[in-house]
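The sequence shown: position 261 = 281 (my numbering), numbered continuously. All C-beta atoms in this analysis are idealised placements derived from N, C-alpha and C, irrespective of residue type, glycine included. Notes for the one structure printed next.
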Amino acid sequence: MMQQTAIIDLGSNSIRLVIFEISKNGCYREIQNLKVVARLSSHIDESGALSKQGIIIIEKTLERFRTVMKQYDVKEVRGVATAAVRNAANRREIEKLLKSQKGMNFKVISDREEAWYGYLAVVNSTDIKNGITIDIGGGSTEITVFKDREMIHYHSFPFGALTLKKKFMNEDRPSAAEIKKLDHFLKDSFDSLSWLKKEGLPVIGIGGSARNVALVHQNEINYPLAGLHQFEMSPTEVETVFMRLKKLPLKKRQQVDGLSKDRADIILPAMYVIASLLDYTGADSYIVSNKGLREGVFFESLLKEMETTLFPSVTEESFFQLAQDYNLDAVHHRHIAVLAASLLHDLMMTGREKLHDDDLHLLQLAARVFYIGETVHPEARSQHTFYLLTNQSIDGLSHSRRLAIALIASFRNRSLFHQYAAPYRQWVSQKELTRYEKLGSILRLAYGLDRSKMGAVKSVKVTPGEPGRLTLKMKTVKEGYFEEFHAQKYKKHVERAFGRKIDVSVNHH
21 MMQQTAIIDL
31 GSNSIRLVIF
41 EISKNGCYRE
51 IQNLKVVARL
61 SSHIDESGAL
71 SKQGIIIIEK
81 TLERFRTVMK
91 QYDVKEVRGV
101 ATAAVRNAAN
111 RREIEKLLKS
121 QKGMNFKVIS
131 DREEAWYGYL
141 AVVNSTDIKN
151 GITIDIGGGS
161 TEITVFKDRE
171 MIHYHSFPFG
181 ALTLKKKFMN
191 EDRPSAAEIK
201 KLDHFLKDSF
211 DSLSWLKKEG
221 LPVIGIGGSA
231 RNVALVHQNE
241 INYPLAGLHQ
251 FEMSPTEVET
261 VFMRLKKLPL
271 KKRQQVDGLS
281 KDRADIILPA
291 MYVIASLLDY
301 TGADSYIVSN
311 KGLREGVFFE
321 SLLKEMETTL
331 FPSVTEESFF
341 QLAQDYNLDA
351 VHHRHIAVLA
361 ASLLHDLMMT
371 GREKLHDDDL
381 HLLQLAARVF
391 YIGETVHPEA
401 RSQHTFYLLT
411 NQSIDGLSHS
421 RRLAIALIAS
431 FRNRSLFHQY
441 AAPYRQWVSQ
451 KELTRYEKLG
461 SILRLAYGLD
471 RSKMGAVKSV
481 KVTPGEPGRL
491 TLKMKTVKEG
501 YFEEFHAQKY
511 KKHVERAFGR
521 KIDVSVNHH
């Protein structure tokens with residue numbers, strides 16, 4: 021039985037509803053995501069209170085969300101309100117309104133909780149061990165530092181994209197004087213945190229503005245890989261995007277591909293905060309997280325049942341979910357992984373090949389999703405596999421790693437491999453492609469060695485044979501007719517990749 025949970029994020033810039041579906045084995049997926057651009061920060065009056073108009077926007081939005089939720093079987097609704105409500109002079113009045121919402125469990129969260137949820141989302145959806153998170157909202161900015169996946173520092177600044185725009189930048193193009201003022205303001209703000217140092221840690225951006233920076237850049241460079249999550253940019257690339265957008269008047273900015281129209285007016289201050297933080301901390305890279313506050317709240321609920329706050333391994337969790345989503349035969353894939361590891365080890369031992377530290381790990385991961393596209397259609401299993409893996413974010417995998425696994429797990433033959441790799445030539449070196457072809461050819465052979473999915477081949481051994489030749493010895497426990505047939509058929513891919521001829525021999529036990 022599926023369980024549905026809704027999270028409502030009442031932010032300063034937008035109010036969002038996300039519905040997650042959780043299966044009995046702990047797999048989850050997002051099934052609805054709606055937002056209302058509320059701009060609550062701009063409805064704060066002189067006395068610091070949220071105006072009547074702002075309160076009406078909240079009421080109307082929650083009513084709309086309630087109508088949508090009626091179409092679903094939502095068991096629990098968790099609402100979190102952030103800076104706009106937290107800092108409002110009439111906070112009590114707004115809390116009263118939120119408490120009166122039947123079936124919606126609302127909480128005005130503290131700045132520590134807001135920082136915590138952002139951090140929780142990042143460490144449970146990426147493989148980053150040490151880093152700095154920055155979540156730029158409309159009315160506040162949360163920064164955390166985490167080491168070994170543990171949050172060790174946090175701070176919430178009382179400024180966000182909307183409030184900075186109001187204070188420092190006019191409607192259109194910001195002047196040099198305005199930027200200088202903002203620069204001083206941010207430097208003073210960062211200086212107030214003794215623990216924010218030049219450590220060269222990656223900066224992970226959370227929130228809509230953080231995502232838009234990357235979207236604009238991806239569009240600009242015609243980036244071929246789908247997905248924003250864990251996309252990396254250098255500080256120079258962030259700077260370049262800022263310089264480009266800064267020159268454009270608002271009307272033109274609204275037409276930039278990748279930039280949401282409703283963010284065109286607040287993107288510059290948000291970007292400047294990111295660029296300043298990268299510079300201030302000596303970061304080597306800027307990484308986008310598609311997961312933020314809402315997912316952090318969701319992960320807290322999901323992991324509470326396991327009495328933890330962290331997935332032991334994010335990658336492991338993702339591959340478990342993929343296996344469930346695509347109904348993969350776990351025993352078959354595990355067997356392919358074992359046979360492939362054995363082949364890799366022996367081929368490296370018998371040749372002049374040097375094993376790359378990461379080869380075995382890549383091979384094992386690719387084995388778990390090898391020909392995952394078979395579930396779409398067996399005829400084009402290779403094409404579907406490459407498409408599926410390059411067109412969805414996989415938590416815990418960087419973009420370059422996801423591309424590597426897609427190339428290895430979809431391997432059918434050399435020409436198709438190069439056809440897949442063609443659009444990515446700018447992002448992957450020839451040396452890496454040669455490695456991935458070798459790993460892909462090994463996996464294809466291992467797949468052939470369990471072609472009947474009966475575990476007929478117990479083990480394989482590759483040994484030196486006649487000069488320049490290798491012998492592949494298969495130990496079978498059942499009749500391995502199909503396995504021997506496919507070993508003879510698929511060995512050519514390994515021969516081509518490694519430049520050695522292979523003879524196959526079968527030892528039936």
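Query raised in the report: Going by Cα to Cα distance, which pick from Ile35, Pro244, Ile226, Leu248 is closest to Leu235?
Result: Stepping through the sequence shown from its first residue, residue 235 is reached at position 215. If we check each option's Cα against that of Leu235, Leu248 comes out closest.
Query raised in the report: Near Gln73, what residues of its chain come up, given a Cβ to Cβ distance below 6 Å and the 5 sequence neighbours on each side ignored?
Result: Locating residue 73 in the sequence shown gives position 53, counting from the first residue. Within the same chain, Gln73 has close Cβ partners His63.
Report task. Give the C-beta separation of Leu30 and Thr87 to the nearest angstrom, bearing in mind that I take them to be a contact with Cβ-Cβ under 8 Å. Result -> Mapped onto the sequence shown, residue 30 falls at position 10. Mapped onto the sequence shown, residue 87 falls at position 67. Rounded, the Cβ-Cβ distance is 17 Å, inconsistent with contact.
Query raised in the report: Is the segment 212 to 222 touching the segment 144 to 151, taking contact as three or more C-beta pairs under 8 Å?
Result: yes
Query raised in the report: Using 8 Å as the threshold, is the segment 351 to 360 in touch with the segment 401 to 416, meaning 3 or more CB pairs across them?
Result: no
Query raised in the report: Going by the CB atoms, is the gap between Asn310 and Ala181 shorter than 8 Å?
Result: Within the sequence shown, the letter at position 161 stands for residue 181. Within the sequence shown, the letter at position 290 stands for residue 310. Going by C-beta atoms, Ala181 is not nearer than 8 Å to Asn310.
Query raised in the report: In angstroms, rounded to a whole number, what distance separates the CA positions of Gln275 and Leu268?
Result: Taking the sequence shown and counting its residues from 1, the one referred to as residue 275 is at position 255. Taking the sequence shown and counting its residues from 1, the one referred to as residue 268 is at position 248. Roughly 10 Å separates the two Cα atoms.
Query raised in the report: Using the rule of at least 16 other Cβ atoms within 10 Å of the residue's Cβ for burial, across every protein chain shown, is Met171 buried or exposed?
Result: Position 151 of the sequence shown, counted from the start, is the residue given in the question as residue 171. Its Cβ being crowded by 16 or more others within 10 Å, Met171 is buried.
**Report entry** Exposed unless 16 or more other CB atoms sit within 10 angstroms - verdict on Ser338
**Finding:** Taking the first residue of the sequence shown as 1, we reach residue 338 at position 318. Buried, because 16 or more other Cβ atoms sit within 10 Å of the Cβ of Ser338.
Query - Coil, strand or helix - Gln446 by DSSP - result: Sequence index remark: in the sequence shown, residue 446 carries index 426 (1-based). The answer is coil: DSSP assigns Gln446 none of H, G, I, E or B.
Query - Span separating the alpha-carbon of Arg111 from that of Phe177 - result: Mapped onto the sequence shown, residue 111 falls at position 91. Mapped onto the sequence shown, residue 177 falls at position 157. Distance between the alpha carbons of Arg111 and Phe177 is about 19 Å.
Query - Glu457 and Leu313 closer than 8 Å at C-beta - result: Locating residue 457 in the sequence shown gives position 437, counting from the first residue. Locating residue 313 in the sequence shown gives position 293, counting from the first residue. Cβ distance not < 8 Å, so Glu457 and Leu313 don't count as in contact.
Query raised in the report: Between Val56 and Thr454, what straight-line distance do the alpha-carbon atoms span, to the nearest angstrom?
Result: In the sequence shown, the residue the question calls residue 56 occupies position 36. In the sequence shown, the residue the question calls residue 454 occupies position 434. Rounded to the nearest angstrom, the two C-alpha atoms are 48 Å apart.
Requested in this report: Using the DSSP secondary-structure output, state which residues sit across from Gln23 in a beta bridge.
Outcome: The residue given as residue 23 occupies position 3 in the sequence shown. Paired residue(s): Ile42.
Requested in this report: Please say whether Ser160 and Ala109 have beta carbons closer to each other than 8 Å?
Outcome: Along the sequence shown, read from residue 1 onward, the residue named residue 109 stands at position 89. Along the sequence shown, read from residue 1 onward, the residue named residue 160 stands at position 140. Their beta carbons are not under 8 Å apart, which means Ala109 does not touch Ser160 by this criterion.
Report task. In angstroms with no decimal places, state the Cα-to-Cα distance between Glu41 and Met369. Result -> Counted from its first residue, the sequence shown places residue 41 at position 21. Counted from its first residue, the sequence shown places residue 369 at position 349. Using only the alpha carbons, I get a separation of about 47 Å.
Query - Nearest-angstrom Cα separation, counted from Val351 out to Ala426 - result: In the sequence shown, residue 426 corresponds to position 406, counting from 1. In the sequence shown, residue 351 corresponds to position 331, counting from 1. Spanning the two alpha carbons is a distance of roughly 21 Å.
Query raised in the report: Would a C-beta distance cut-off of 8 Å place Val258 and Tyr306 closer than the cut-off?
Result: The count along the sequence shown starts at 1 and reaches residue 258 at position 238. The count along the sequence shown starts at 1 and reaches residue 306 at position 286. Cβ distance < 8 Å, so Val258 and Tyr306 count as in contact.
Query - Three-state secondary structure assigned by DSSP to Leu245 - result: The residue labelled residue 245 in the question sits at position 225 within the sequence shown. Here Leu245 sits in coil by DSSP.
Query raised in the report: Per DSSP, Ile64 forms a beta bridge with which residues?
Result: As a position in the sequence shown, residue 64 is number 44, starting the count at 1. BP columns for Ile64 point to Leu70.
Query raised in the report: Using CA coordinates, which residue listed in Leu465, Glu50, Pro194 is at the minimum distance from Val38?
Result: To locate residue 38, count along the sequence shown from 1; it is residue 18. Residue Glu50 is the option with its Cα nearest to Val38.
Query raised in the report: In chain order, what residues of the same chain have a beta carbon less than 8 Å from the beta carbon of Leu288, not counting five sequence neighbours either side?
Result: Translated into positions along the sequence shown, residue 288 becomes position 268. Closer than 8 Å at Cβ, skipping near neighbours: Lys185, Met189, Pro194, Phe262, Leu265, Lys266.
Query raised in the report: How would you label Trp215, buried or exposed, when you count the other beta carbons within 10 angstroms and need 16 or more for buried?
Result: Start at 1 with the first residue of the sequence shown, and residue 215 comes out as number 195. It counts as exposed.
**Report entry** Nearest neighbour of Phe505, chosen from Val526, Pro487, Gly316, Met89 [CA to CA]
**Finding:** In the sequence shown, the residue the question calls residue 505 occupies position 485. For Phe505, the nearest C-alpha among the options comes from Val526.
Query raised in the report: If you count every other CB in all the chains shown that lies within 10 Å of the CB of Lys200, and 16 or more means buried, which is it?
Result: Taking the sequence shown and counting its residues from 1, the one referred to as residue 200 is at position 180. Flag for Lys200 reads exposed.
Query raised in the report: Just reading off the beta strand (DSSP E) that Ser479 is part of, what are its end residues?
Result: Residue mapping note: residue 479 aligns to position 459 of the sequence shown, counting from 1. Per DSSP, Ser479 belongs to the beta strand (DSSP E) from 477 to 484.
Query - Residue span of the alpha helix (DSSP H) that contains Leu363, given as start and end - result: Taking the first residue of the sequence shown as 1, we reach residue 363 at position 343. Note, Leu363: alpha helix (DSSP H), 350 to 370.
Query raised in the report: Do the CB positions of Ile27 and Phe318 come within less than 8 Å of each other?
Result: As a first step, residue 27 is located in the sequence shown; it is residue number 7 there, counting from the start. As a first step, residue 318 is located in the sequence shown; it is residue number 298 there, counting from the start. Their beta carbons are under 8 Å apart, which means Ile27 touches Phe318 by this criterion.
Query - Assigned secondary structure, Asn347 (DSSP; H/G/I helix, E/B strand, else coil) - result: The residue you call residue 347 lines up with position 327 of the sequence shown. Coil at Asn347, not helix or strand.
Query - Beta-carbon gap between Ile35 and Ala58 smaller than 8 Å - result: Mapped onto the sequence shown, residue 35 falls at position 15. Mapped onto the sequence shown, residue 58 falls at position 38. Yes; because the gap between Cβ atoms is below 8 Å, this pair is in contact.
Query raised in the report: How would you call Gly488, buried or exposed, if buried means at least 16 neighbouring beta carbons within 10 angstroms?
Result: As a first step, residue 488 must be located in the sequence shown, where it is residue number 468. By the 10 Å Cβ count, Gly488 comes out exposed.
Query - Endpoints, the beta strand (DSSP E) within which His376 is located - result: Here the question's residue 376 lines up with position 356 in the sequence shown. Neither: His376 is in no beta strand (DSSP E) and is coded neither H nor E.
Query raised in the report: Is Phe340 helix, strand or coil by DSSP?
Result: Within the sequence shown, residue 340 is the residue found at index 320, counting from 1. DSSP places Phe340 in helix when its eight states are reduced to three.
Query raised in the report: In chain order, what residues of the same chain lie with their CB nearer than 7 Å to the CB of Tyr346, ignoring the 5 residues before and after it?
Result: As a working mapping, residue 346 is identified with position 326 in the sequence shown. Cβ neighbours of Tyr346 beyond the five flanking positions: Ile392, Thr395.
Query raised in the report: Around the C-beta of Ala196, are 16 or more other C-beta atoms found within 10 angstroms, so that it is buried, or is it exposed?
Result: Sequence index remark: in the sequence shown, residue 196 carries index 176 (1-based). With fewer than 16 Cβ atoms within 10 Å of its Cβ, Ala196 is classed as exposed.
Query raised in the report: What number of angstroms, rounded off, separates the C-alpha of Gly371 from the C-alpha of Leu490?
Result: Translated into positions along the sequence shown, residue 371 becomes position 351. Translated into positions along the sequence shown, residue 490 becomes position 470. For Gly371 and Leu490, the distance between alpha carbons rounds to 10 Å.
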